[in-house]
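Chemist: Quick one: structure below, then a few questions.
Residue numbers (the working numbering), protein chains in the order written: chain A, 171 to 880; chain B, 171 to 880.
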């Protein structure tokens with residue numbers, strides 16, 4: 171059951187939607203005074219000079235001086251219009267409404283209270299939405315800013331206290347108080363550092379500073395909070411949220427009911443752990459220490475984690491077993507997903523081996539000098555690699571991702587927030603504990619934080635001032651969702667791999683067969699697998715063509731024909747729906763092109779700039795293709811499956827990026843680094859270098875120590 | 171005057187707002203049938219089993235079978251509710267409404283037409299919004315999908331044709347037809363390549379394919395377009411837009427009236443030039459050729475442009491004079507902005523010198539080999555630099571930005587869309603012509619496009635599939651606006667420079683004075699100027715402190731005291747409002763810190779990670795500071811003003827970035843480049859490298875040719 175205090179234009183459709191879903195809703199409304207004031211003003215102006223208003227310019231009404239109106243009269247005049255509005259709106263959704271006007275006294279008289287209570291229950295039982303308002307016409311309007319008297323007594327002074335009173339009286343589960351600000355801030359909104367409080371616990375009340383003047387009307391935010399606390403004590407949870415933001419108005423109530431992070435939630439129960447904001451801050455602080463450790467110390471942490479993976483094998487596998495059992499009994503995971511969720515002794519061993527390799531790479535990541543310049547005498551500039559800051563890695567069911575990604579973050583000196591799948595909760599918890607144990611050997615335990623499974627990805631993406639880079643590890647759908655949700659935070663990932671193999675008229679038949687087979691069949695679900703095979707038109711009706719088709723048939727690859735290819739065929743495989751399809755399975759599209767140039771154009775039009783291959787014996791054609799194709803990876807006579815950090819020899823692999831800035835293609839540790847410029851002088855000023863100054867720019871390159879690629 | 175066809179939940183507040191701004195509005199509404207169907211259904215169900223519905227579960231209503239209802243009865247039943255809704259809503263905005271029901275016949279009878287016309291005019295004159303609907307209760311509902319008979323005759327078969335008829339009849343300027351799709355697409359929405367048409371010209375009608383079934387109701391999109399064309403022929407412009415999207419509903423009508431790009435605009439007048447989408451496509455195509463030119467050829471283009479700047483000096487200065495005169499006569503530009511707008515012979519000369527330097531840098535940009543790896547025998551990998559793709563550079567009044575940015579784009583092989591300020595339109599036009607003239611010498615004229623001044627920045631930021639990087643050049647406000655508007659397109663720029671100078675207890679007094687003076691006073695408006703001076707507490711009440719304050723006083727720097735500094739003072743300069751202020755003028759904040767560590771914490775809390783300076787003679791303290799401060803530039807005993815691409819010796823300067831990925835701090839040509847991976851094999855497959863395979867990864871680094879930093 172919900173009671174709701176409505177401010178101005180509240181989102182009525184949500185209420186009707188929820189009502190039709192079987193939720194019981196009551197609305198506590200304001201607006202009668204404002205509504206009536208408009209109406210009375212209009213009436214007075216019309217009666218003052220009806221002829222003038224009708225027969226002269228259109229803006230006449232505004233220019234006339236407006237009378238001061240009495241609030242009670244306004245309330246009376248507005249009430250009928252307000253109810254007509256509610257009635258008309260809810261009728262659109264086949265929802266009936268009822269009008270209830272109450273005064274303070276109705277709650278003091280026991281008989282009246284019982285009557286009100288039973289009337290409301292009866293209306294709700296009949297699926298009718300009660301619209302409740304104070305009877306402002308007979309009761310004086312409340313005195314602004316007068317205190318509520320303690321939390322055990324509450325007077326009906328405004329809609330917030332009325333709503334709180336009614337919510338408790340009716341034993342409502344949730345009271346949503348719509349305001350014209352986002353919620354409760356820890357300092358007056360607009361001041362330095364003012365932050366929206368997501369969840370407010372009664373014990374925290376001391377930490378709030380209220381502004382001297384609030385925009386939220388009678389009683390201000392302080393009175394709203396008191397009402398909320400009163401309702402909370404009476405057993406009703408409360409959310410204070412913005413009901414006026416046009417961007418979210420349509421959704422605010424349904425979002426709150428669905429448990430999304432909107433506004434400020436008042437709760438009795440303080441969760442044990444820190445909030446995600448506190449976790450991020452802890453991670454950043456500890457990450458600064460991590461970044462300043464000696465590379466060997468970072469390597470030691472990673473090796474310690476590798477040791478722990480084998481030392482604590484039993485505990486890890488038993489946690490993993492609990493996850494697998496839960497997944498099996500819920501029956502929600504498919505067989506491939508269960509396989510990804512499952513850990514084994516050998517998986518942990520190879521994980522540990524991988525981690526030790528990352529430990530080696532880590533020696534050449536942070537603090538590398540990329541460039542040195544003598545700007546002038548005794549003025550030397552260095553560009554050095556530094557960590558990016560706080561990374562957020564979101565990964566799906568595979569729990570082995572956790573130690574891998576943690577090792578990469580440690581190696582690059584970054585802080586890390588990890589958000590894993592619910593289905594791997596137990597495994598992730600133990601793996602994270604071990605990671606923190608390893609971090610502890612150099613006092614940076616907090617640099618890697620596991621975010622609670624309750625946190626929504628969308629809420630994490632909101633932390634744009636706190637998170638520097640998001641790395642989604644999982645399906646291309648996950649990557650796309652996160653790219654959409656990440657407002658202002660860069661995302662490193664590839665969303666699609668529509669890779670092409672072009673077989674030139676001068677291709678060697680064996681190489682063509684081998685490369686097509688490897689590119690499509692080695693691991694069809696990989697993003698670097700071939701999706702479209704482009705054949706030079708000269709190959710049609712040649713033995714090579716027949717051999718290619720035979721091989722694909724033997725390998726059970728389902729063929730979809732591109733429009734041109736279909737027009738050449740007498741038999742007809744299914745025609746493609748789109749030339750931009752990522753099959754991710756033993757399926758591919760075949761299309762015919764006139765020439766290498768035509769293949770390049772096709773790839774530019776339908777490709778995803780991931781990896782594209784030419785098979786030809788003609789070097790000039792190959793070089794032309796590789797120069798022209800604008801993809802992260804372009805290969806000549808090699809399988810598309812080589813597009814991979816390990817195969818490229820990058821050491822630790824962070825992922826594959828189809829973005830065009832920062833990192834592109836397979837990404838090693840470098841993708842987790844940025845640079846900073848360090849300048850050492852002796853009191854140099856730019857004025858010294860002006861025309862009349864004493865100094866000259868030299869800009870000499872100073873050799874940098876040889877850098878082993880990480 | 172506006173006529174509007176409304177679908178479902180149209181945004182009435184907009185109408186009221188516009189009406190109150192003195193616009194004349196009519197609403198052609200639908201919804202009566204749907205409204206009435208809801209109501210009748212409800213009545214029938216209630217009368218069928220009123221007791222059952224009242225006394226059992228809440229979802230009873232849904233589970234009962236619903237009767238089939240006759241449309242005319244629904245219309246009659248819905249009409250009153252619909253009008254009540256309009257009335258109630260408009261009353262909120264003090265706006266009166268009137269109900270008009272019309273039939274086809276009303277337009278055939280001359281007398282009725284005249285009556286209708288004069289009634290509508292009279293209502294509009296009285297500031298009353300006519301709500302117009304077909305009289306569905308007496309006229310049969312229209313037959314779906316029957317064609318309108320030619321464009322010269324139009325029947326009132328649906329709300330679109332009714333609205334078109336009325337708009338022409340009333341000589342409306344604009345008809346807004348709200349639909350449930352974004353507008354008109356060139357192919358059925360959802361198919362490959364379906365693109366929203368921004369502006370539709372009658373001559374283009376052949377290029378549209380309509381879907382067999384449209385979601386837009388009676389008549390479908392084809393009928394909507396026919397109505398729109400009919401209205402257009404009658405002299406009324408038309409916009410078809412989405413009126414149901416909750417994200418934009420609140421704004422759609424006002425946005426359209428303000429001329430923003432929403433939905434599809436039907437216009438008689440086809441503009442001379444290509445659309446911005448066509449320009450982007452042209453730029454990308456020509457850019458691919460540009461990227462594949464020899465570096466010397468790109469250098470030649472830039473040198474040719476440098477020559478043209480001096481050869482065509484007269485024409486450039488005369489165009490600039492026209493802009494200056496227009497700006498002066500409008501009186502809208504301040505003196506500093508006029509100075510920025512103004513070109514001179516000497517400015518053009520130094521511009522040409524700068525361009526020739528970029529031409530030299532350009533030799534070492536595209537196609538540099540950054541890394542070579544022997545992956546296996548005869549399998550060699552190269553990472554080479556390539557252009558990013560299509561850049562959008564948005565710059566404010568300074569027209570000298572245009573050739574500079576163009577030269578940088580040419581040097582890095584990128585395509586470029588230029589969007590300059592309106593006030594420099596004439597100067598930008600001639601400079602762009604000269605740029606294209608220079609590009610023509612190697613046949614890539616279209617690689618750089620000047621976007622018409624009519625285009626809104628927001629609309630350009632919508633082209634996320636076409637533009638790879640946005641570079642705003644101008645005020646930090648411009649950068650922030652664009653970062654907000656750029657959905658999914660990366661933005662390279664710095665939004666704020668809150669630079670700190672920390673004077674350590676072991677600072678040398680002369681260096682401190684020189685560096686503070688240079689950092690603050692050399693060019694106070696620059697982003698690398700000092701905003702906050704942090705003083706070690708040991709310096710208070712020392713001669714150094716007095717000298718610093720005296721110097722600032724002599725230089726007329728206004729001092730704002732941080733909270734701690736204020737507490738030490740007997741005299742009191744104004745206390746800062748926020749420690750995060752970028753003054754950009756001869757003003758700064760002074761704050762006291764306990765130690766170097768305290769200074770680092772202050773910088774992390776209040777800084778913008780741009781440039782921060784320590785002044786000390788203690789090398790260990792300096793190195794600690796430079797290691798810990800997490801900013802793009804950290805300097806020891808040097809002015810913050812050195813944070814600049816030219817002073818760093820980067821050659822051509824793209825800008826300064828405070829982003830943490832891709833490029834950070836002063837950015838040279840490298841910031842406009844990305845990389846691609848080129849792999850050359852002999853038919854290699856990853857299967858060859860499996861445990862049972864014949865090959866082994868070597869991953870040997872092959873030396874790369876020495877690269878001169880660009």
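Glycine included, each C-beta is placed from N, C-alpha and C at the ideal position.
So, at 8 Å on beta carbons, what are the nonlocal neighbours of residue 874/B in its own chain, with the 5 sequence-adjacent residues on each side left out?
Modeler: Within the same chain, Cβ atoms closer than 8 Å to the Cβ of residue 874/B are found at 539, 540, 541 and 542, the five residues on either side in sequence being excluded.
Chemist: The beta strand (DSSP E) that contains residue 557/B, what's its start and end?
Modeler: 549 to 557
Chemist: Just grab the DSSP bridge partners of residue 705/A for me.
Modeler: 673/A and 762/A, per the DSSP bridge assignment.
Chemist: Who are the Cβ neighbours of residue 862/A in its own chain at under 8 Å, not counting the five residues just before and after it?
Modeler: none
Chemist: So, residue 482/A versus residue 604/A, is the Cβ gap smaller than 8 Å?
Modeler: yes
Chemist: What residue range is occupied by the uninterrupted beta strand (DSSP E) comprising residue 196/B?
Modeler: 195 to 199
Chemist: Counting pairs of beta carbons, one from the stretch 828 to 840 of chain A and one from the stretch 766 to 784 of chain B, are three or more of them closer than 8 Å?
Modeler: no
Chemist: Could you check where the alpha helix (DSSP H) with residue 366/B kicks off and where it finishes?
Modeler: Segment: none, residue 366/B is in no alpha helix (DSSP H) and carries neither H nor E.
Chemist: What residues in the stretch 666 to 685 of chain A bring their beta carbon closer than 8 Å to a beta carbon of chain B?
Modeler: Residues of the stretch 666 to 685 of chain A with a C-beta less than 8 Å from any C-beta of chain B: 678, 680, 681, 684 and 685, listed in chain order.
Chemist: Label residue 659/B either buried or exposed according to how many other C-beta atoms from any shown protein chain fall within 10 Å of its C-beta, with 16 as the threshold for buried.
Modeler: buried
Chemist: At which residue ranges does the stretch 769 to 816 of chain B contain complete beta strand (DSSP E) runs of 3 or more residues, listed in the order of the chain?
Modeler: 781 to 785 and 803 to 808
Chemist: Whose C-alpha, out of 562/B, 301/B and 662/B, is nearest the C-alpha of residue 635/B?
Modeler: 562/B
Chemist: Kindly indicate if chain A contains any beta-carbon less than 8 Å away from that of residue 831/B.
Modeler: yes
Chemist: Look at the Cβ atom of residue 667/A, then the Cβ atom of residue 641/A, and state whether they are nearer than 8 Å.
Modeler: In this structure, residue 667/A lies away from residue 641/A, with their beta-carbon atoms at least 8 Å apart.
Chemist: Does the structure place the stretch 850 to 868 of chain B close enough to the stretch 847 to 857 of chain A that three or more beta carbon pairs sit under 8 Å?
Modeler: Below 8 Å, too few C-beta pairs join the stretch 847 to 857 of chain A and the stretch 850 to 868 of chain B to call them touching: fewer than three.
Chemist: Taking 8 Å as the limit between beta carbons, can you name the residues of its chain near residue 472/A, skipping five residues before and five after?
Modeler: Excluding sequence neighbours, residue 472/A sits near 525, 526, 528, 529, 532, 577, 580, 581 and 608.
Chemist: Within 10 angstroms of the Cβ of residue 741/A, are there 16 or more other Cβ atoms? Answer buried if so, exposed if not.
Modeler: exposed
Chemist: What does the Cβ neighbour count give for residue 566/B, buried or exposed, with the cut at 16 atoms within 10 Å?
Modeler: buried
Chemist: Between which two residues does the alpha helix (DSSP H) carrying residue 278/A extend?
Modeler: 275 to 278
Chemist: Please classify residue 541/B: does DSSP put it in a helix, a strand, or coil?
Modeler: strand
Chemist: Could you give the residue range of the alpha helix (DSSP H) that holds residue 491/B?
Modeler: It spans 483 to 500 - the alpha helix (DSSP H) in which residue 491/B sits, taken as one unbroken run.
Chemist: Assuming residue 493/B contacts residue 594/B (C-beta within less than 8 Å), just tell me the rounded distance between them.
Modeler: Yes, residue 493/B and residue 594/B are in contact; Cβ-Cβ is about 5 Å, under 8 Å.
Chemist: Does any CB atom of chain B fall closer than 8 Å to the CB of residue 730/A?
Modeler: no
Chemist: Kindly list, in the order they appear in chain B, the residues whose Cβ is closer than 8 Å to that of residue 925/A.
Modeler: With chain A covering only 171 through 880, there is no way to say anything about residue 925/A.
Chemist: Output, in chain order, the set of chain B residues within a Cβ distance shorter than 8 Å of residue 807/A.
Modeler: 850, 851, 852, 853 and 854
Chemist: With a CB to CB cut of under 6 Å and the five nearest residues on each side skipped, what residues in its chain are close to residue 387/B?
Modeler: Low per-residue confidence applies at residue 387/B: pLDDT is 37, beneath 50, and the placement is therefore not dependable enough to give any value.
Chemist: Chain A beta carbons: is any one of them nearer than 8 Å to that of residue 452/B?
Modeler: no
Chemist: Please list the residues of the stretch 463 to 486 of chain A that have a C-beta atom closer than 8 Å to any C-beta atom in chain B, keeping them in chain order.
Modeler: none
Chemist: Output yes or no for whether 8 Å exceeds the beta carbon distance between residue 762/A and residue 769/A.
Modeler: no
Chemist: Given that a residue counts as buried once 16 or more other Cβ atoms are within 10 Å of its Cβ, and exposed if not, what is residue 355/A?
Modeler: buried
Chemist: Rounded to the nearest angstrom, what separates residue 559/A and residue 637/A at their Cα positions?
Modeler: 8 Å
Chemist: State the CB to CB distance for the pair residue 348/A and residue 334/A, rounded to an integer number of angstroms; the pair is presumed to be in contact (CB under 8 Å).
Modeler: Actually they are not in contact, since the Cβ atoms of residue 348/A and residue 334/A sit about 14 Å apart, beyond 8 Å.
Chemist: Cβ of residue 783/A within 8 Å of Cβ of residue 872/A?
Modeler: no
Chemist: Any idea what DSSP makes of residue 827/A, helix, strand or coil?
Modeler: strand
Chemist: If you count every other CB in all the chains shown that lies within 10 Å of the CB of residue 807/B, and 16 or more means buried, which is it?
Modeler: buried
Chemist: What residues from chain A crowd round residue 355/B, counting only those whose CB sits closer than 7 Å?
Modeler: Those within 7 Å of residue 355/B in chain A number zero; the least Cβ separation is about 16 Å.
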